[in-house]
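Engineer:
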Amino acid sequence: MKENSERLILRLASVQKSPFIGAYAAVGGSRGIIYPSSPKSFETILEKELKLEVRRTTVGMVSAVGMMTAFNGRTAVVPRTINDEEACIFNELGLEVFRVPSNMLAWGNLMATNDRGAVFSGVVPRHVARVIAEALDVDYDFVTPKGYAVSGSSIVTSNRWALVSKSFSEDQVARIEDILKVKAAVVTVNGGYKQVKVGALVSDFGILLGKSTTGVELFELQSALA
12 MKENSERLIL
22 RLASVQKSPF
32 IGAYAAVGGS
42 RGIIYPSSPK
52 SFETILEKEL
62 KLEVRRTTVG
72 MVSAVGMMTA
82 FNGRTAVVPR
92 TINDEEACIF
102 NELGLEVFRV
112 PSNMLAWGNL
122 MATNDRGAVF
132 SGVVPRHVAR
142 VIAEALDVDY
152 DFVTPKGYAV
162 SGSSIVTSNR
172 WALVSKSFSE
182 DQVARIEDIL
192 KVKAAVVTVN
202 GGYKQVKVGA
212 LVSDFGILLG
222 KSTTGVELFE
232 LQSALA
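The numbering of the sequence shown is this note's numbering, which starts it at 12 and goes up by one.
Put into structure tokens, the structure is as follows:
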């Protein structure tokens, strides 16, 4: 475990030997969800290190919950395919559930949000982004990284800090910081992986990174958020 003067906690983790921890978990505010077969040790790390209230569920019967949903401390954005039992899990966490009226399903890939803002991929229709932002009660904009159509997998954020892909330009990073109102670290994870969301989980208390994240990547992250 490492920490800086801001009490930023960094820890490496895996899910059943996979470093892509953000694919099988999602975090918003002080809540988190993990897929049903997650090891108990992974749930414990989220509870103790990120200080989250955690529940187990699929989203639309999909285990890669991090790809399917994005949520802040108030509202979960979910695909129309979510069933009532799954929605109840979010309700148990104190979250409203917004089923997006769209054939797009992987909302964790398509957007990133916290309690202050939302960043959408350019492929999301304008009218759909608008109704989602209204449900989340946040400002929003569209920012798409070069060479990759979806923004959500390239950003992982809390209300305190964000990790963003090196595929974004300097101006785009500044825009993301302005929308989400956080300081952003431009990094890679898991040994050079640019889609940072699938390799990281972020809360206001700390950051979990996939076990393949290198010492150089850890140093870059700590330096950026110092």
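A virtual CB, placed ideally from N, CA and C, is assigned to each residue, including glycine.
Quick one: residues in its chain with C-beta nearer than 7 Å to the C-beta of Ser223, no 5 flanking neighbours on either side, listed in chain order?
Structural biologist: Residue mapping note: residue 223 aligns to position 212 of the sequence shown, counting from 1. For Ser223, where only same-chain residues beyond five positions count, the Cβ hits under 7 Å are Pro30, Asn201 and Gly202.
Engineer: To the nearest angstrom, how far is it from the Cα of Met79 to the Cα of Leu121?
Structural biologist: To locate residue 79, count along the sequence shown from 1; it is residue 68. To locate residue 121, count along the sequence shown from 1; it is residue 110. Going from the Cα of Met79 to the Cα of Leu121 covers about 9 Å.
Engineer: Check whether the stretch 181 to 191 touches the stretch 216 to 235, taking contact to mean three or more Cβ pairs, one atom from each stretch, closer than 8 Å.
Structural biologist: The stretch 181 to 191 vs the stretch 216 to 235: no contact.
Engineer: So who's on the other strand from Phe109, going by DSSP bridges?
Structural biologist: Translated into the one-based positions of the sequence shown, residue 109 becomes position 98. For Phe109, which the question treats as bridged, DSSP gives the partners Val88.
Engineer: Quick check: the Cα distance between Ser178 and Gly158, rounded to an integer number of angstroms?
Structural biologist: Here residue 178 refers to the residue found at position 167 of the sequence shown. Here residue 158 refers to the residue found at position 147 of the sequence shown. So the two alpha carbons sit approximately 7 Å from each other.
Engineer: Comparing C-alpha positions only, which one of Lys28, Glu60, Phe53 and Leu61 sits nearest to Arg67?
Structural biologist: Numbered from 1 along the sequence shown, position 56 holds the residue referred to as residue 67. The shortest C-alpha separation from Arg67 is found at Phe53.
Engineer: Go ahead and label Lys205 buried or exposed: buried means 16 or more other beta carbons lie within 10 angstroms of its beta carbon, across all protein chains shown.
Structural biologist: By 1-based counting over the sequence shown, the position of residue 205 is 194. It counts as buried.
Engineer: DSSP three-state call for Arg141: helix, strand or coil?
Structural biologist: Locating residue 141 in the sequence shown gives position 130, where the first residue counts as 1. Here Arg141 sits in helix by DSSP.
Engineer: Give me the residue from Thr86, Gly33 and Glu231 with the minimum Cα distance to Arg127.
Structural biologist: Translated into positions along the sequence shown, residue 127 becomes position 116. With distances taken between Cα atoms, Arg127 lies closest to Thr86.
Engineer: Any contact between the stretch 93 to 100 and the stretch 133 to 141? By contact I mean 3 or more CB pairs, one from each, below 8 Å.
Structural biologist: Judged by Cβ distances under 8 Å, the stretch 93 to 100 makes no contact with the stretch 133 to 141, as fewer than three pairs qualify.
Engineer: Going by alpha carbons, who is nearest to Ser132 out of Gly163, Ile20, Ile45 and Arg42?
Structural biologist: The count along the sequence shown starts at 1 and reaches residue 132 at position 121. It is Gly163 whose Cα lies nearest to the Cα of Ser132.
Engineer: So Thr168 packs on Val213, CB below 8 Å; how close in whole Å?
Structural biologist: Numbered from 1 along the sequence shown, position 157 holds the residue referred to as residue 168. Numbered from 1 along the sequence shown, position 202 holds the residue referred to as residue 213. Yes, Thr168 and Val213 are in contact; Cβ-Cβ is about 6 Å, under 8 Å.
Engineer: Ile187 and Val130 look like a contact to me (Cβ under 8 Å); what is the Cβ gap, rounded to whole Å?
Structural biologist: Translated into the one-based positions of the sequence shown, residue 187 becomes position 176. Translated into the one-based positions of the sequence shown, residue 130 becomes position 119. Rounded, the Cβ-Cβ distance is 6 Å, consistent with contact.
Engineer: Residues in the same chain with beta-carbon distance under 6 Å from Ala98, minus the five sequence neighbours each way, listed in chain order, please.
Structural biologist: Numbered from 1 along the sequence shown, position 87 holds the residue referred to as residue 98. Cβ within range, chain order: Val108.
Engineer: What separation, rounded to the nearest whole angstrom, lies between the Cα atoms of Asn102 and Thr69?
Structural biologist: Here the question's residue 102 lines up with position 91 in the sequence shown. Here the question's residue 69 lines up with position 58 in the sequence shown. Rounded to the nearest angstrom, the two C-alpha atoms are 14 Å apart.
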